[in-house]
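Below is one structure, written out as structure tokens; the observations come after it.
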């Protein structure tokens, strides 16, 4: 190790160490004491209890808004059997770490998918179920067919075992077949985030227009305030029970002390997240954005002097599509990434970014329209989006304007799933839809499976459009 004599020469000993074994909220208070005490954390921890920590959080974090303390309470939460669509909504929270079940390496069970109550109670139920069955059946068949095709195309290398070679081919087959998986497919993932970020995550989920997201938000809140799953407790509790059962009174008291001391029932963040409620600002913001986007981008605000009354061009013609090429073509020349290289005023960037989320148009098209708006109309957009925001509501992500680089990216949902996580940047995502067409996975045309793929994508698109007429948010679950 590098030698550093500075601390000894100045008469003190540097002390750097890791901490384990504390409930997240207790650890957060112990760390917070650094700002209010001359004592080291080892002394502070010895004086803390869960009750004292809860009182501290109630006073300083929830009472006075000292939210930085909640950053120190890290909570690990597992989410199992949630839809792929829901996983992307949760993973839109940036200040967290995520790991998710891979569609590239793990086969998915076609019998397990999310069933929205709104669809099950509607006349779309049969269409929804039949569309998913069709996609899952084709998914399974494609895995087998692609493995057969790869075996015929690529001999096993001499340095690979049969098991290694089979695993490699299966992974490549799954990489192709996963294009059929609808977003209703159930997946598993884990996340680690601070209690501060968790409160924000829960608030967004509780305000979401889709029932599954709201239910997940409440279940995350309950997971954080109730005793966490503790594998050590699972091992120790039976041993302590056996010891207690056969012990005398003195030993039983000792067992009770051990049971209390090792904290087998640890809660994630029972104080910091218990007061989460749906925020009206978040619930109304996206509705407002969609209405404004429809009016402004379809040229309905004809009284605005900033708009040319003679402009009748339908801007939906500007929506880029991934499949403008003939059905027998495996590639197209649609631009996937547009870099905005020219200067933009912060106000125009903000208004265009706000409208972008409620549209399917490219950012450049929206920006061109925004730049023609009058200053009064731009201010109307900004004010309308913030209408329900209180002093306790943080501005939405769209207000992170003034970025040096702006990229407008068009990609399929599978690529988006890979790209979205672990990106500390400002992502403004449009709602999932079918307007842009679809990608064709590599090797599928050469395997002779392109016609079937086109047919399945078109049938899924038709099902989406029928369901979306009545249930636009729930219709996303049938999109592969």
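In my numbering, the protein residues as written are 258 to 737. Glycine included, every Cβ here is placed at the ideal spot set by N, Cα and C.
Asked                                                                                                                                                                                   : Found
Are the CB atoms of residue 463 and residue 475 nearer to each other than 8 angstroms?                                                                                                  : yes
Would you tell me roughly how many angstroms separate the C-alpha atoms of residue 297 and residue 291, rounded to the nearest one?                                                     : 7 angstroms
What three-state label does DSSP hand residue 630 in the structure shown?                                                                                                               : coil
For the beta strand (DSSP E) that residue 357 lies in, which residues bound it at each end?                                                                                             : 353 to 357
Does the Cβ-Cβ distance between residue 358 and residue 422 come in under 8 angstroms?                                                                                                  : no
When burial is assigned at 16 or more other CB atoms within 10 Å of the CB, is residue 648 buried or exposed?                                                                           : exposed
Inspect the beta-carbon positions of residue 529 and residue 452 and report whether they are closer than 8 angstroms.                                                                   : yes
Thinking C-beta only, is residue 450 closer than 8 angstroms to residue 352?                                                                                                            : yes
Within the same chain, show all residues whose beta-carbon is closer than 8 angstroms to that of residue 628, passing over the 5 residues directly before and after it, in chain order. : 605
Once the 5 residues before and after residue 458 are set aside, which same chain residues still bring their CB inside 8 angstroms of it?                                                : 347, 350, 353, 450, 474, 477
So residue 736 and residue 719 are in contact, right, with Cβ under 8 angstroms, and what is the actual spacing, rounded?                                                               : Not confirmed; about 12 angstroms, so no contact.
Going along the chain, which residues of its own chain have a beta-carbon closer than 6 angstroms to the beta-carbon of residue 465, five neighbours each way excluded?                 : 471
My guess is that residue 728 and residue 333 are in contact by the Cβ rule of under 8 angstroms, so how many angstroms apart are they, rounded?                                         : Not a contact, Cβ separation roughly 34 angstroms.
Would you mind working out which of 487, 488, 513, 486 sits nearest residue 499, comparing C-alpha positions?                                                                           : 513
What are the start and end residues of the alpha helix (DSSP H) that includes residue 422?                                                                                              : 419 to 434
Rounded to whole angstroms, what's the CA-CA distance from residue 503 to residue 497? Just pull it up for me.                                                                          : 10 angstroms
Threshold first: 4 residues or longer. Then list the alpha helix (DSSP H) segments lying entirely within the segment 381 to 419, N to C.                                                : 382 to 410
If distances are taken between C-alpha atoms only, which option among 282, 299, 293, 286 comes closest to residue 275?                                                                  : 299
By how many angstroms is the C-alpha of residue 486 removed from the C-alpha of residue 330?                                                                                            : 17 angstroms
For residue 449, list the residues DSSP reports as bridge partners.                                                                                                                     : 333, 354
So residue 539 and residue 616 are supposed to be a Cβ contact under 8 angstroms. How far apart are they, rounded?                                                                      : Not confirmed; about 19 angstroms, so no contact.
Check residue 545 in the structure and name its three-state DSSP category.                                                                                                              : helix
Using 8 angstroms as the limit for Cβ to Cβ distance, is residue 454 near chain C?                                                                                                      : The structure shown contains no chain C, having only a single protein chain.
Just how far apart, CA to CA, sit residue 489 and residue 448?                                                                                                                          : 20 angstroms
By alpha-carbon positions, which one of 722, 273, 677, 483 ends up nearest to residue 691?                                                                                              : 722
Relative to the C-alpha of residue 390, which residue among 437, 326, 403 is closest?                                                                                                   : 437
Give the C-beta separation of residue 687 and residue 614 to the nearest angstrom, bearing in mind that I take them to be a contact with Cβ-Cβ under 8 angstroms.                       : 6 angstroms
Enumerate in chain order the residues of its own chain whose CB-to-CB distance from residue 467 is below 6 angstroms, with the five nearest sequence positions on each side excluded.   : 730
Helix, strand or coil, according to DSSP, for residue 516 in the structure here?                                                                                                        : helix
In terms of DSSP beta bridges, what is residue 664 paired with?                                                                                                                         : 596
Which same chain residues end up closer than 6 angstroms to residue 587 when comparing Cβ atoms and leaving out the 5 residues on each side of it in sequence?                          : Its pLDDT being 41, under 50, residue 587 is placed unreliably in this model, and the coordinates cannot settle the point.
For the alpha helix (DSSP H) containing residue 710, name the first residue and the last one.                                                                                           : 707 to 725
One question on the structure: do residue 635 and residue 541 come within less than 8 angstroms of each other, judged by their Cβ atoms?                                                : no
With a 10 Å radius around its C-beta and 16 neighbouring C-beta atoms as the bar for buried, classify residue 363 as buried or exposed.                                                 : exposed
Sorted by chain position, which residues of the same chain lie with C-beta nearer than 6 angstroms to residue 535's C-beta, five sequence neighbours on each side aside?                : 463, 464
Suppose you measure from the CA of residue 612 to the CA of residue 554; what does that come to, to the nearest Å?                                                                      : 9 angstroms
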